[in-house]
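Visitor: The working numbering puts the first residue of the sequence shown at 78, with every later residue one more than the last.
All C-beta atoms in this analysis are idealised placements derived from N, C-alpha and C, irrespective of residue type, glycine included.
From a predicted model like this one, the values you see are computed outputs, not experimental measurements.
Structure in structure tokens, see below.
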Amino acid sequence: MFFGYRRPSTKRGHPAGLWIFGGGGPNRPISTSAQMMTAASSPFAMDRSFPIASLLRRRAGSANRFYPSVFVSFAHMKSPPLNALYAFEAFARRGGMTAAADELCVTHGAVSRQVRQLEERLGVALVEGPKTRLRLTEAGLDLADQLTTAFRTIETAVGAQDQAAAVLRLSCPGSLAMKWLIPRLASFHAAHPEVQVRIAESTAPVDFRRGGYDLAVRVGRSFDHEAMEATPFMRQFHGPVLAPGLLAGGRDIRALLADLPRLQSQSYPQAWREWQANAGLTLPEPATTRAFEHNTYMIEAAAAGLGAAVSPWTFVAEDLAKGRLVAPFGFAATGSSYGVLRPKGSRNKAAAGFRDWLVEQGARMPPPAEIAARG
Numbered sequence: 078m079f080f081g082y083r084r085p086s087t088k089r090g091h092p093a094g095l096w097i098f099g100g101g102g103p104n105r106p107i108s109t110s111a112q113m114m115t116a117a118s119s120p121f122a123m124d125r126s127f128p129i130a131s132l133l134r135r136r137a138g139s140a141n142r143f144y145p146s147v148f149v150s151f152a153h154m155k156s157p158p159l160n161a162l163y164a165f166e167a168f169a170r171r172g173g174m175t176a177a178a179d180e181l182c183v184t185h186g187a188v189s190r191q192v193r194q195l196e197e198r199l200g201v202a203l204v205e206g207p208k209t210r211l212r213l214t215e216a217g218l219d220l221a222d223q224l225t226t227a228f229r230t231i232e233t234a235v236g237a238q239d240q241a242a243a244v245l246r247l248s249c250p251g252s253l254a255m256k257w258l259i260p261r262l263a264s265f266h267a268a269h270p271e272v273q274v275r276i277a278e279s280t281a282p283v284d285f286r287r288g289g290y291d292l293a294v295r296v297g298r299s300f301d302h303e304a305m306e307a308t309p310f311m312r313q314f315h316g317p318v319l320a321p322g323l324l325a326g327g328r329d330i331r332a333l334l335a336d337l338p339r340l341q342s343q344s345y346p347q348a349w350r351e352w353q354a355n356a357g358l359t360l361p362e363p364a365t366t367r368a369f370e371h372n373t374y375m376i377e378a379a380a381a382g383l384g385a386a387v388s389p390w391t392f393v394a395e396d397l398a399k400g401r402l403v404a405p406f407g408f409a410a411t412g413s414s415y416g417v418l419r420p421k422g423s424r425n426k427a428a429a430g431f432r433d434w435l436v437e438q439g440a441r442m443p444p445p446a447e448i449a450a451r452g
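Written out as structure tokens, the structure is:
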């Protein structure tokens, strides 16, 4: 059995289509792969009106016969719309209709309609649960995995044909991106003007297959993972910082910290407790605690004199150098490092270049004592 394409003929009124030729004679049986063909593997599987699979199943028991040719018009090849597949894959990868809509620059309702139409087209439920907490069914998980892999394969294939321009997708904690990475990014662009860097804020566990990233920056003590290549590029230190004006009067710093409102980030509320353990100090519980959603908000609050905050020194290095903040206790090592992660075996040249640039930038950072001294 083999396939052949026929071009359209307007003169004869013949449509474009595909001929399926049967195997012939006792010496040319239909192949086992053809006999085992199912609706799921057929290129016409999306069109239930075309009975290729059942046709082959009927013939499976008599492979030594000759079968006449069968013509299939392209008009019967009704695959799901590509937009519906893109919308569903984005919903599955981003974990919600709103996030998918933001990525695709369409409305929440448009994504919802595309997913619903895809379910109707395939005749299977892909999502379940209440509208505000939709989750993937088993069928949805299987389809999402295959679509993500397929889209990434297409993207890689197309990207390999255009080495003149590249888009690097980086997942990075927001505060590190704002306070340390972006201020240094001009030097990378100067060395690699052909690379566009797109930064997405995240501290979640990295899943390159679902996330669509080329690289990720995370903080940790160990980055061992069988599917990832990890390169630590900068050690992490942390310590209390506050506005210089709060030190006026020569008060004992421990007594001052006990009286000041204690600022903390909701994303890492254990910072004060961990710093005391790393620094070997014990402070009394504060009378007032003020929480902020992000480290960047917390740092700005400290610079405005609203209290004292424990911050990674990479986030406050420039503020210390400019005199906006002071670090009276210096900084203690956390035992963690910043690491850049990428899929194991990746051949992305832009990602490798960015990784090397991060290692270089990390090596150029002065130690915390120098930063504190300039502050």
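Who are the near neighbours of A356 in its chain, counting only those whose CB is closer than 7 Å to its CB and skipping five residues on each side?
Guide: The residue given as residue 356 occupies position 279 in the sequence shown. Hits under 7 Å: F406, A409.
Visitor: By how many angstroms is the C-alpha of P321 removed from the C-alpha of E437?
Guide: The residue labelled residue 437 in the question sits at position 360 within the sequence shown. The residue labelled residue 321 in the question sits at position 244 within the sequence shown. When rounded, the distance between both Cα atoms is 32 Å.
Visitor: Should the region 324-335 be called in touch with the region 224-234, which here means at least 3 C-beta pairs below 8 Å?
Guide: With a cut-off of 8 Å, the region 224-234 and the region 324-335 do not count as touching, because too few Cβ pairs lie within range.
Visitor: How many whole angstroms separate the CB atoms of V272 and A243, which I take to be in contact at a CB cut-off of 8 Å?
Guide: Working through the sequence shown from its first residue, we reach residue 272 at position 195. Working through the sequence shown from its first residue, we reach residue 243 at position 166. Indeed, because the Cβ distance is near 5 Å, the residues count as touching under 8 Å.
Visitor: Just mark S414 as buried or exposed, buried being the case when its beta carbon has 16 or more other beta carbons within 10 Å.
Guide: Indexing the sequence shown from 1 puts residue 414 at position 337. The residue is buried, with at least 16 neighbouring Cβ atoms inside 10 Å.
Visitor: In the DSSP assignment, find the unbroken beta strand (DSSP E) run with A277 in it and report its ends.
Guide: Indexing the sequence shown from 1 puts residue 277 at position 200. Counting along the chain, the beta strand (DSSP E) containing A277 begins and ends at 272-278.
Visitor: Given a cut-off of 8 Å on the beta-carbon distance, is the pair G21 and A398 in contact?
Guide: There is no way to answer for residue 21, as the model of the chain reaches only from 78 to 452.
Visitor: Mapping DSSP to helix, strand and coil, what is E205?
Guide: By one-based count along the sequence shown, residue 205 stands at place 128. Three-state DSSP puts E205 in a strand.
Visitor: Where does R424 land, buried or exposed, given buried means 16+ other C-beta within 10 angstroms?
Guide: Along the sequence shown, read from residue 1 onward, the residue named residue 424 stands at position 347. Exposed: under 16 other Cβ atoms inside 10 Å.
Visitor: Got a sec, what are the start and stop residues for the beta strand (DSSP E) V481 sits in?
Guide: Outside the displayed span of the chain (78 to 452) sits residue 481, for which this structure offers no information.
Visitor: Taking only the alpha-carbon atoms, compute the straight-line gap between W251 and R331 and give it to the nearest angstrom.
Guide: The residue labelled residue 251 in the question sits at position 174 within the sequence shown. The residue labelled residue 331 in the question sits at position 254 within the sequence shown. Correcting the residue type first, residue 251 is Gly in the shown sequence and not Trp. Between G251 and R331, the C-alpha separation is close to 31 Å.
Visitor: Starting from S189, trace the beta strand (DSSP E) in both directions and tell me its first and last residue.
Guide: Here residue 189 corresponds to residue number 112 of the sequence shown, with the count starting at 1. Run containing S189: none in the beta strand (DSSP E); it sits in the alpha helix (DSSP H), 185-199.
Visitor: Which residue spans inside the region 330-368 form an unbroken alpha helix (DSSP H) run of at least 4?
Guide: Whole alpha helix (DSSP H) segments, 4+ residues: 330-336, 348-356.
Visitor: Are there 16 or more other CB atoms within 10 angstroms of the CB of P120, so buried, or fewer, so exposed?
Guide: In the sequence shown, counting from the first residue as 1, residue 120 sits at position 43. Legend: pLDDT at P120 = 36, less than 50; position of this residue unreliable, value from coordinates given subsequently. Looking at its Cβ environment, which holds fewer than 16 other Cβ atoms inside 10 Å, P120 is exposed.
Visitor: Kindly list the residues whose CB is nearer than 7 Å to the CB of A164, restricted to its own chain and excluding five residues on each side of it in sequence; keep chain order.
Guide: Stepping through the sequence shown from its first residue, residue 164 is reached at position 87. The answer, listed in chain order, is A177, L181, V188, Q191, V192.
Visitor: On the three-pair Cβ rule with 8 Å, is the region 361-372 touching the region 286-293?
Guide: Result no; under three Cβ-Cβ pairs closer than 8 Å.
Visitor: At what residues does the alpha helix (DSSP H) containing P260 begin and finish?
Guide: Within the sequence shown, numbered from 1, the residue matching residue 260 stands at position 183. Looking at the DSSP string, the run of the alpha helix (DSSP H) that includes P260 is 259-268.
Visitor: Identify every residue that forms a DSSP beta bridge with L245.
Guide: Position 168 of the sequence shown, counting from 1, holds the residue named residue 245. Bridge partners of L245: V274.
Visitor: With which residues is Y415 paired in a DSSP beta bridge?
Guide: Here residue 415 is taken as the residue at index 338 of the sequence shown, counted from 1. BP columns for Y415 point to V296, M311.
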